[in-house]
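In terms of the numbering used here, the sequence shown is residues 10 to 72.
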Amino acid sequence: MAEAYGIKGLRASNKEEAFRIWQEALETPGPVLVEFVVPKEENVFPMVLSGTTLDQMIMGDFK
10 MAEAYGIKGL
20 RASNKEEAFR
30 IWQEALETPG
40 PVLVEFVVPK
50 EENVFPMVLS
60 GTTLDQMIMG
70 DFK
């Protein structure tokens, strides 16, 4: 999709790719769209559930 608008598009499907893709994005002149594919089980926080507002954000259980 990004390339249809004339910008570079990158995608990371796992943690190992994420570091390499992020570095490539930082080294690329101009705009870059980076998609990070995260498995649902990872529970990435903060989380905003569908139909809720930002003040109802779930912050997670940080110990």
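For each residue, glycine too, the CB sits at the ideal point set by N, CA and C.
| Item | Value |
| --- | --- |
| Here's the rule I'm using: 16 or more other beta-carbon atoms within 10 Å means buried, otherwise exposed. How should residue 21 be labelled? | buried |
| In this structure, does DSSP put residue 54 in helix, strand or coil? | coil |
| Based on the DSSP output, what are the partners of residue 20 in its beta bridges? | 44 |
| Measure how close the beta-carbons of residue 30 and residue 43 come, nearest whole angstrom, since I'm counting them as under 8 Å. | 6 Å |
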